[in-house]
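Q:
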Amino acid sequence: MDTTNAFSNLPLLTFLDVEASGLQKPDSFPIEIGWADTLGNSDEFLIYPIDTWFHWDKQAEALHGITHTQLLEAGISVIDAACRLNDMLGVERVYCDALSFDGFWLDRLFKAAGMAPSFLLTDVFELYGALGAELAEEMVRKLREIPATHRALEDAERYAAAYREVMAGYLMQQTKVE
């Protein structure tokens, strides 16, 4: 079995992460979004806050290191952010590690943009269920080896890398069996 060809035939998976102004609902808002897929494609951007988004938590800022000033200087509009996500992610199922938070923040973004997401945001635990206990446990072990940075792209890439490593190991094991 050629693992290169087998790996290229695996379904494309995409992981997304959102950094926010804080963890308080309903006041916090998305400030950075990053996504990465299992083929190495990725994107990230800061979001310029709309006029009604005021909440800012200094503890959250200390965690992700993104300042409000950075959003004002380098952030893109909510419309540009929503369009960019829809254009790049299409109708994919996209995995995140904190659906209740990431889903809330994406909902705020798309509502502010007057749009709906074209993709389906899904909890990574659904992926774990599809992988089965052994591969899911291996993926969690790999994730523990790669520290979370609390930057959206790096955290999304962390999940994509862990999945690729787990599946590469699985395919190598299948090759040995055959």
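In this text, residue positions in the sequence shown follow the numbering used here: the first is 68, and each later residue adds one.
Beta carbons: idealized from backbone N, C-alpha and C, even for Gly.
Could you round the C-beta distance between Y230 and T105 to whole angstroms and report it? I think they count as a contact, below 8 Å.
A: Working through the sequence shown from its first residue, we reach residue 230 at position 163. Working through the sequence shown from its first residue, we reach residue 105 at position 38. Contact holds; Cβ gap of about 6 Å.
Q: For my contact list, L152 and Y115 are in at a C-beta cut-off of 8 Å; report their separation, rounded to the angstrom.
A: Within the sequence shown, numbered from 1, the residue matching residue 152 stands at position 85. Within the sequence shown, numbered from 1, the residue matching residue 115 stands at position 48. Not quite, the Cβ-Cβ distance comes to about 15 Å (not below 8 Å), so this is no contact.
Q: Could you check whether W102 and L83 sit closer than 8 Å to each other, using their CB atoms as the reference points?
A: Counted from its first residue, the sequence shown places residue 83 at position 16. Counted from its first residue, the sequence shown places residue 102 at position 35. Closer than 8 Å, so yes.
Q: Assign I117 to one of three DSSP states: helix, strand, or coil.
A: Within the sequence shown, residue 117 is the residue found at index 50, counting from 1. If DSSP states are grouped into helix, strand and coil, I117 belongs with coil.
Q: For L83, list the residues DSSP reports as bridge partners.
A: Indexing the sequence shown from 1 puts residue 83 at position 16. Partner(s): W102.
Q: Straight-line CA distance for G170 to A219?
A: On the sequence shown, position 103 is the one that residue 170 refers to. On the sequence shown, position 152 is the one that residue 219 refers to. Cα to Cα, the separation comes out at about 14 Å.
Q: Starting from the C-beta of F177, find all residues in its chain whose C-beta is less than 7 Å away, skip the five residues before and the five after it, and write them out in chain order.
A: Here residue 177 refers to the residue found at position 110 when the sequence shown is read from its first residue. Excluding residues within five positions, the ones whose Cβ falls inside 7 Å are A149, A183 and P184.
Q: Measuring alpha carbon to alpha carbon, tell me which residue in L113, E224 and P97 is nearest W120.
A: As a first step, residue 120 is located in the sequence shown; it is residue number 53 there, counting from the start. Of the listed residues, the one whose Cα sits closest to W120 is P97.
Q: In angstroms, rounded to a whole number, what distance separates the CA positions of E205 and Q241?
A: Taking the sequence shown and counting its residues from 1, one reaches residue 205 at position 138. Taking the sequence shown and counting its residues from 1, one reaches residue 241 at position 174. Roughly 16 Å separates the two Cα atoms.
Q: By DSSP, does L90 sit in helix, in strand, or in coil?
A: Against the sequence shown, residue 90 aligns to sequence position 23. The answer is coil: DSSP assigns L90 none of H, G, I, E or B.
Q: Output yes or no for whether 8 Å exceeds the beta carbon distance between F186 and V145.
A: By 1-based counting over the sequence shown, the position of residue 186 is 119. By 1-based counting over the sequence shown, the position of residue 145 is 78. No, Cβ-Cβ distance for F186 and V145 is not below 8 Å.
Q: Considering only residues of the same chain and omitting the five flanking positions on each side of R160, which have a CB-CB separation below 6 Å?
A: Here the question's residue 160 lines up with position 93 in the sequence shown. Same-chain partners within the cutoff: L187 and T189.
Q: Decide if A180 is buried, meaning its Cβ has at least 16 other Cβ atoms within 10 Å, or exposed.
A: Along the sequence shown, read from residue 1 onward, the residue named residue 180 stands at position 113. A180 should be labelled buried.
Q: Quick one: which unbroken beta strand (DSSP E) runs of 3-plus residues sit fully inside the region 106 to 180? Chain order, please.
A: Listed in chain order, the complete beta strand (DSSP E) runs (minimum 3 residues) inside the region 106 to 180 are 109 to 113 and 160 to 163.
Q: L187 lies in the alpha helix (DSSP H); which residues open and close that run?
A: The residue given as residue 187 occupies position 120 in the sequence shown. Premise fails: L187 lies in the beta strand (DSSP E), L187 to D190, not in any alpha helix (DSSP H).
Q: With the cut-off set at 8 Å, would you say L130 and H217 are in Cβ contact?
A: The residue labelled residue 130 in the question sits at position 63 within the sequence shown. The residue labelled residue 217 in the question sits at position 150 within the sequence shown. Yes. Within cutoff.
Q: Give a yes or no on whether the C-beta atoms belonging to A165 and A127 are separated by under 8 Å.
A: Position 98 of the sequence shown holds residue 165. Position 60 of the sequence shown holds residue 127. It is not a contact, given that the beta carbons lie outside the stated cut-off.
Q: Buried or exposed for S95, going by 16 or more other Cβ atoms inside 10 Å?
A: As a first step, residue 95 must be located in the sequence shown, where it is residue number 28. When all chains shown are included, S95 counts as buried.
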